[in-house]
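Engineer: First the structure, then my questions, so here it is.
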Amino acid sequence: MYTPRNYRLINYFCRDNNYGGVAIYFREVFNMDFEILDLSKMCEPKLFEVVGVKIQTIQLILIPLYRTPDSTSDSTPCMAAFLGKLDTLFDILKKYFQYCNMNF
């Protein structure tokens, strides 16, 4: 996995062929507390590639999410699967917003 100079890899999902996926990098000078969110069970290559991190100090959650353009090909079942996974992701994230006045 390539890491740019002055950055560190925090969390990533990479497809088996080592091409494609999502990642979170922080600059080396980043010194806030963070928690890695384990979303690996949700990942499905090309359909739902996701990782997450919660920055404790500022109560911020970063969720890079990727779906390849060719993952649907006008296929309604694929889009339904993507939306189902997205709905599950929102359910998982609800626990992190228990003290916020937010509704999904």
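Counting from 10, one number per residue, gives the positions in the sequence shown under the working numbering.
Backbone N, C-alpha and C fix where the C-beta goes; we use that ideal spot for every residue, glycine too.
(1) Bridge partners of E53, per DSSP?
(2) Determine whether the beta carbon atoms of E44 and C52 lie at a separation below 8 angstroms.
(3) For P13, which of E37, V62, T77, D25 has the nearest alpha-carbon?
(4) According to DSSP, is N20 helix, strand or coil?
(5) Based on Cα-Cα distance, which residue from R76, A90, K103, L98 lies nearest to V31?
(6) Do D42 and Q65 have their beta-carbon atoms positioned less than 8 angstroms apart in this structure?
(7) Does the beta-carbon of K94 have 16 or more other beta-carbons within 10 angstroms, so that it is buried, or is it exposed?
(8) Which residues bound the beta strand (DSSP E) around F43?
(9) Is Y34 helix, strand or coil when you go by DSSP?
Structural biologist: On the basis of the coordinates in this document:
(1) In the sequence shown, the residue the question calls residue 53 occupies position 44. E53 pairs with F57.
(2) Position 35 of the sequence shown, counted from the start, is the residue given in the question as residue 44. Position 43 of the sequence shown, counted from the start, is the residue given in the question as residue 52. At least 8 angstroms separates the beta-carbon of E44 from that of C52.
(3) Counted from its first residue, the sequence shown places residue 13 at position 4. The shortest Cα separation from P13 among E37, V62, T77, D25 belongs to E37.
(4) Your numbering for residue 20 matches position 11 in the sequence shown. DSSP places N20 in strand when its eight states are reduced to three.
(5) As a first step, residue 31 must be located in the sequence shown, where it is residue number 22. Closest option to V31, Cα to Cα, is R76.
(6) The count along the sequence shown starts at 1 and reaches residue 65 at position 56. The count along the sequence shown starts at 1 and reaches residue 42 at position 33. Yes, Cβ-Cβ distance for Q65 and D42 is below 8 angstroms.
(7) Locating residue 94 in the sequence shown gives position 85, where the first residue counts as 1. With 16 or more Cβ atoms within 10 Å of its Cβ, K94 is classed as buried.
(8) Along the sequence shown, one-based indexing puts residue 43 at 34. Here the beta strand (DSSP E) through F43 covers 43–46.
(9) Your numbering for residue 34 matches position 25 in the sequence shown. Looking at Y34 - three-state DSSP - the assignment turns out to be strand.
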